[in-house]
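Each residue of the sequence shown is one higher than the one before, starting from 793 at the first, in the numbering used here.
A virtual CB, placed ideally from N, CA and C, is assigned to each residue, including glycine.
Just so we're clear, the structure is a prediction, and the values are computed from it rather than from any experiment.
A short worksheet on the structure shown next.
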Amino acid sequence: MTVDAPLLTCRQVAQLLRYEGSPKAQRVRVRRLIASVEQRTGTTIHRRVGNRWLIPRSAIESLMSPESGLSDRVDDLERQVRDLRDRIEHLEAAGA
């Protein structure tokens, strides 16, 4: 599976965004992200083929551009997740 294709599946978008978790959780996160962007912009950026969502690579690249602010939010969320994991590990170590 290549992420160089013009249309990407939810799994490929999840790979690009470095989402972790089960394939289903990744798919849900991508679909929520796309739905949120579509609601905010008022334009449809995905195409549905059966149960699959296909998202243009150009739409994802524009979302990740510094102008959109999404890449900053993704970085902030990743930082928060790392901080929470570190805190959990610290608390587990203190309790052990």
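Just the Cα atoms here: how many angstroms apart are residue i and residue j?
i, j, result
"residue 887", "residue 799", "48 Å"
"residue 872", "residue 812", "14 Å"
"residue 849", "residue 881", "37 Å"
"residue 879", "residue 852", "32 Å"
"residue 801", "residue 883", "38 Å"
Nearest by alpha-carbon distance to residue i: which of the options is it?
i, options, result
"residue 816", "845, 810, 803, 839", "803"
"residue 843", "850, 851, 823", "823"
"residue 808", "880, 830, 856, 872", "856"
In the DSSP output, what is residue i paired with across the bridge?
i, result
"residue 936", "Outside the displayed span of the chain (793 to 888) sits residue 936, for which this structure offers no information."
"residue 883", "Residue 883 is not bridged to any residue."
"residue 800", "847"
Going along the chain, which residues of its own chain have a beta-carbon closer than 6 Å to the beta-carbon of residue i, five neighbours each way excluded?
i, result
"residue 806", "818, 822"
Sorted by chain position, which residues of the same chain lie with C-beta nearer than 8 Å to residue i's C-beta, five sequence neighbours on each side aside?
i, result
"residue 828", "none"
Unbroken stretches of the beta strand (DSSP E), 3 residues or longer, contained in the segment 807 to 862: The segment 807 to 862 contains these whole beta strand (DSSP E) runs: 839 to 841, 844 to 848.
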